[in-house]
Structure formats: structure tokens, C-alpha cells
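Colleague: Each residue of the sequence shown is one higher than the last, beginning at 25 in the numbering used here.
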Amino acid sequence: MTNKSWLVVVLCWVVLLTSSGVSFADDNEEVLVLEPDAEGIQRASIVLESYAYAPAHISVQAGVPVEFHLKNENFLTPHNFIMDHPDAGLQQDVNVDAGDDVTIRFVAQVPGTYTFYCDKQLLFFPSHREEGMEGRLEVRP
Ligand SMILES: [Cu+2]
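#1: Considering Cα atoms alone, identify which of L72, H109, G87 and D143 is closest to I65.
#2: Give a yes or no on whether the C-beta atoms belonging to H103 and V90 are separated by under 7 Å.
#3: Using a 10 Å radius around the Cβ and a threshold of 16 neighbouring Cβ atoms, would you call H152 buried or exposed?
#4: Tell me which same chain residues have a C-beta within less than 8 Å of the C-beta of V84, skipping the five on either side of it?
#5: Could you give the residue range of the beta strand (DSSP E) that holds Y75?
#6: Which class does A68 belong to by DSSP, given the choice of helix, strand or coil?
#7: Measuring only from the beta carbon, is K144 closer than 6 Å to any heavy atom that is part of ligand 1?
#8: So for D111, helix, strand or coil by DSSP?
#9: Please go through the same chain and pick out, in chain order, the residues whose beta-carbon is closer than 6 Å to the beta-carbon of E155, but skip the five residues on each side of it.
#10: I'd like the ranges of any beta strand (DSSP E) spanning at least 3 consecutive residues and lying wholly in the segment 84 to 155.
#11: For ligand 1, I want to know if M157 counts as a neighbour, meaning its beta carbon is within less than 6 Å of at least one of the ligand's heavy atoms.
#12: Could you tell me the distance, in whole angstroms, from the CA atom of F140 to the CA atom of L72?
#13: Does ligand 1 have even one heavy atom less than 6 Å from the beta-carbon of H103?
#14: Does the beta carbon of H81 fall short of 6 Å from some heavy atom of ligand 1?
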């Protein structure tokens, strides 16, 4: 190949990678920072898509009730929301069927960073978590 055709190949890769939503660093990931509302509840709506949570990074205050409204916008694929950190008061395993929405409430007790994920899996395909359906809950002191 000539020098020019290499350049075209490289440029195509860059366009492909950036347009397919591949993220290179967590540093510029947007964080939704929740504060208690008038009722003293930290509320957020999270969209469950294939295969991501939007937003995927949420910050809450410890000891203050949290309410997540989980909405599955896919009309075919069921998703779920799992948090498996019982020591921190974070134990959820909620199914959100295709097109459905579910509200969960909890209180995060221990400051730290915790993961949540979807473990749905179709047959021999990779699980949704393996496809990137994972998020982070940051609990502020
Ligand atoms: Cu899923």
C-alpha cells in the first residue's frame, strides 16, 4: 500500500472506533451527582439499553434515601439491575422486562465506589455485563 492508502485505513479506524461508542478512558465519563430533593430523597432515572446504563456513573450521599427509576427502553431484551454489596446496604436484584420500568429504593450506608450490572445472558452469547452493561455508584460521606 502507498503512504496515502495507509492514512485512509487509519482514519477509517478512528471514525469507526469513535462512532461505535468505544470509550478510551474513564476520566471524562460523566457523573450524575445527586442531592436530596425537597422530600429528602436522591432521585434519578436510569435508562437500560443494550448494553449500557444511562447514566452509568452516579454519585449519592451516604445515609440519605435513594430512588432509582429504571426504564428498559428495549422492546425485546429483558435487563436487570444487580448490586451485590450487602455490607454497604447495597443489595438489589431487580428484573426490568422489555419496555417495562421499575422503581427501587435503598440507603447507601458506607462511603465508597460500588458496581452495579446486568447479568442477563442469551444462550451461549456473552452476558450483558460482559458486553459492557455495568455502572458505578459512588457513595459520598
Ligand atoms: Cu441487560
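Beta carbons: idealized from backbone N, C-alpha and C, even for Gly.
Modeller: A quick look at the data gives this:
#1: Along the sequence shown, one-based indexing puts residue 65 at 41. Nearest C-alpha to I65: G87.
#2: Looking up residue 103 in the sequence shown gives position 79. Looking up residue 90 in the sequence shown gives position 66. Cβ distance not < 7 Å, so H103 and V90 don't count as in contact.
#3: As a position in the sequence shown, residue 152 is number 128, starting the count at 1. Answer is buried; the Cβ neighbour count reaches 16.
#4: Within the sequence shown, residue 84 is the residue found at index 60, counting from 1. Excluding residues within five positions, the ones whose Cβ falls inside 8 Å are L58, Q66, V90, A132, L161, E162, V163 and R164.
#5: Here residue 75 is taken as the residue at index 51 of the sequence shown, counted from 1. Counting along the chain, Y75 falls outside any beta strand (DSSP E), and DSSP gives it neither H nor E.
#6: On the sequence shown, residue 68 is found 44 positions in, with the first residue counted as 1. It is a strand residue.
#7: Taking the sequence shown and counting its residues from 1, the one referred to as residue 144 is at position 120. Because some heavy atom of ligand 1 lies under 6 Å away, the Cβ of K144 counts as near it: yes.
#8: The count along the sequence shown starts at 1 and reaches residue 111 at position 87. D111 falls in the helix class under three-state DSSP.
#9: Numbered from its first residue, the sequence shown carries residue 155 at position 131. Correct list, in chain order: Y75.
#10: 89 to 96, 103 to 109, 114 to 120, 125 to 131 and 136 to 141
#11: Sequence index remark: in the sequence shown, residue 157 carries index 133 (1-based). Result yes, Cβ under 6 Å from ligand 1.
#12: Walking along the sequence shown from the start, residue 140 turns up at place 116. Walking along the sequence shown from the start, residue 72 turns up at place 48. The straight-line gap from Cα to Cα measures roughly 12 Å.
#13: Residue numbering aside, residue 103 sits at position 79 when the sequence shown is read from its first letter. Yes, Cβ of H103 sits closer than 6 Å to a heavy atom of ligand 1.
#14: As a working mapping, residue 81 is identified with position 57 in the sequence shown. Every heavy atom of ligand 1 is 6 Å or more from the Cβ of H81, so no.
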